[in-house]
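Student:
Residue numbers (this note's numbering): 5 to 116.
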């Protein structure tokens, strides 16, 4: 709940709690405490408004549990679709070089 509450605000003060929640969700997903649907829903929320700190948040989620989701049979296809969407958004949006580097790093961490 806290993740979605923070996702509504675009203030600069919410970046650290968002990243902490993203890391926490990634660890819960990786250790099968939370279903993968939770991570996918959080990623989709960030991709719906792919700018600013949402880029950092989705990259943090992918770095935390992206490789696990990619290597799992029943989540591989869905994650591949999300990664393709993220790369299309990266090319379509005018992101700063730091955000482009973050997206590329997260993508290649999941798919080496």
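Built from N, CA and C at the ideal position, the CB exists for glycine as well.
Distance check for residue 29 and residue 43, CA to CA, integer angstroms please.
Tutor: Within the chain shown, the letter at position 39 stands for residue 43. Within the chain shown, the letter at position 25 stands for residue 29. Distance between the alpha carbons of residue 43 and residue 29: 7 Å.
Student: Tell me whether residue 93 sits in a helix, a strand or coil according to DSSP, three-state version.
Tutor: Your numbering for residue 93 matches position 89 in the chain shown. Helix at residue 93.
Student: Is the stretch 21 to 37 touching the stretch 84 to 99 in the sense that three or more CB pairs, one from each, lie closer than 8 Å?
Tutor: The answer is no - the stretch 21 to 37 does not touch the stretch 84 to 99, with fewer than three Cβ pairs under 8 Å.
Student: Kindly give me the distance between the Cβ atoms of residue 47 and residue 32, rounded to whole angstroms, as I take these residues to be in contact under 8 Å.
Tutor: Start at 1 with the first residue of the chain shown, and residue 47 comes out as number 43. Start at 1 with the first residue of the chain shown, and residue 32 comes out as number 28. That belief does not hold up - the Cβ atoms of residue 47 and residue 32 are roughly 14 Å apart, past 8 Å.
Student: Starting from residue 101 and walking both ways along the alpha helix (DSSP H), at which residues does that stretch end?
Tutor: Taking the first residue of the chain shown as 1, we reach residue 101 at position 97. That run of the alpha helix (DSSP H) goes 101 to 114.
Student: I need the DSSP call for residue 98, collapsed to helix, strand or coil.
Tutor: For the purposes of this step, residue 98 is identified with residue 94 of the chain shown, where counting begins at 1. Three-state result, residue 98: coil.
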